[in-house]
Amino acid sequence: MQQSDSRTHIRIGFVGSMMYRNLAGLLIGLKQYFPDISFDLTEANSSEIILETDKGNIDIGFIHINQVPAGIESQTLISEPFLICLHETHPGANKTMMNLAEFKNDNFIFFSRAVSPSYYEMLLSICVSAGFFPRVNDEAKHWLSITSMVSQNLGVSIVPSCMQYCGLPNLKFLPFEHTQQSVTSIIWSVKKDLELKRHIVKFIMEKMLTEQLIHHKDFNINKKRQ
């Protein structure tokens, strides 16, 4: 958090998939509700956002599900199903529902294991639960890169449902049976300006609830997610 020109600057870190969860609309709402605060955006991966939040370089972050260190509070923001992402020329593209095992001979493009081990392991476990071990020849650091690779017919992938709004050509997104969810959390450091951060986070949670992007029965912004 910085002070300049008599204004408070809140630095928000976000993973790229937040662009397809109405991040732009959320930012407009923040600027209207907090007219004396400047909100600055920085895209990064989850590990980088956690690190920079811990250092105090990011005030509020949107991350994929990850463990956070002591001194950082977190709250589950969005939980959504995965979809199979495939090229429109794929033999299964005209179906309305797929059995994941039908893709056992396809090349899978996964989220980078180095960037997000938890996401890599989740995608792997989804395939194993479907009865096969996926052939993963390609990895990428961002969901948009993954969908771009599928758009170029380099393989298939399993992506959060929000990625169906990415707008890239040649893509099909199909539902399939699974129990795992893609979880996005909001995080903030407790080391400085905690009450202001909680106030902003509370606004974000309530705005997203209003827009029916998330559904919490017992929302409590002061409760740290374990």
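Going by my numbering, the first residue of the sequence shown is number 24, and it counts up by one from there. Virtual Cβ for every residue (Gly too), placed ideally from N, Cα, C.
Enclosing beta strand (DSSP E) for residue i [first to last residue]
i: residue 48; result: Residue 48 -> not in any beta strand (DSSP E); alpha helix (DSSP H) instead, spanning 46-56.
i: residue 65; result: 60-66
i: residue 32; result: 30-37
i: residue 2; result: A question about residue 2 goes unanswered here, because the residues of the chain that appear run from 24 up to 249.
i: residue 222; result: Segment 217-233 is the alpha helix (DSSP H) holding residue 222; no beta strand (DSSP E) there.
Within 8 angstroms, strictly: CB atoms of residue i and residue j
i: residue 157; j: residue 105; result: no
i: residue 145; j: residue 198; result: no
i: residue 147; j: residue 173; result: no
i: residue 72; j: residue 86; result: yes
i: residue 36; j: residue 115; result: no
i: residue 169; j: residue 134; result: yes
i: residue 211; j: residue 186; result: no
i: residue 107; j: residue 213; result: no
i: residue 205; j: residue 191; result: no
i: residue 226; j: residue 53; result: yes
i: residue 70; j: residue 32; result: no
i: residue 123; j: residue 150; result: yes
i: residue 164; j: residue 138; result: yes
i: residue 39; j: residue 215; result: no
Rounded Cβ spacing between residue i and residue j (contact assumed at less than 8 angstroms)
i: residue 34; j: residue 59; result: About 16 angstroms; that fails the 8 angstroms criterion.
i: residue 98; j: residue 228; result: 7 angstroms
i: residue 112; j: residue 176; result: 7 angstroms
i: residue 88; j: residue 152; result: At roughly 18 angstroms, the Cβ-Cβ gap does not stay under 8 angstroms, so residue 88 and residue 152 are not in contact.
Residue i burial status per 10 Å Cβ neighbour count (16 or more: buried)
i: residue 41; result: buried
i: residue 63; result: exposed
i: residue 160; result: exposed
i: residue 49; result: buried
i: residue 232; result: exposed
i: residue 81; result: buried
i: residue 240; result: Any reading at residue 240 must be qualified, since the residue scores a pLDDT of 41, below 50, and its modelled position is unreliable; the value itself is stated next. So residue 240 ends up on the exposed side.
i: residue 188; result: exposed
i: residue 223; result: buried
i: residue 132; result: buried
i: residue 217; result: exposed
i: residue 154; result: exposed
i: residue 207; result: buried
i: residue 220; result: buried
i: residue 209; result: buried
i: residue 51; result: exposed
i: residue 202; result: exposed
i: residue 68; result: buried
Bridge partner(s) assigned by DSSP for residue i
i: residue 161; result: 132
i: residue 97; result: 210
i: residue 105; result: 183
i: residue 205; result: 103
i: residue 121; result: 199
i: residue 110; result: 194
Span of the alpha helix (DSSP H), counted from its first residue to its last, around residue i
i: residue 180; result: Note, residue 180: premise wrong, no alpha helix (DSSP H); beta strand (DSSP E) at 180-183.
i: residue 196; result: Counting along the chain, residue 196 falls outside any alpha helix (DSSP H), though it belongs to the beta strand (DSSP E) covering 194-197.
i: residue 147; result: 140-152
i: residue 174; result: 166-174
i: residue 74; result: 69-78
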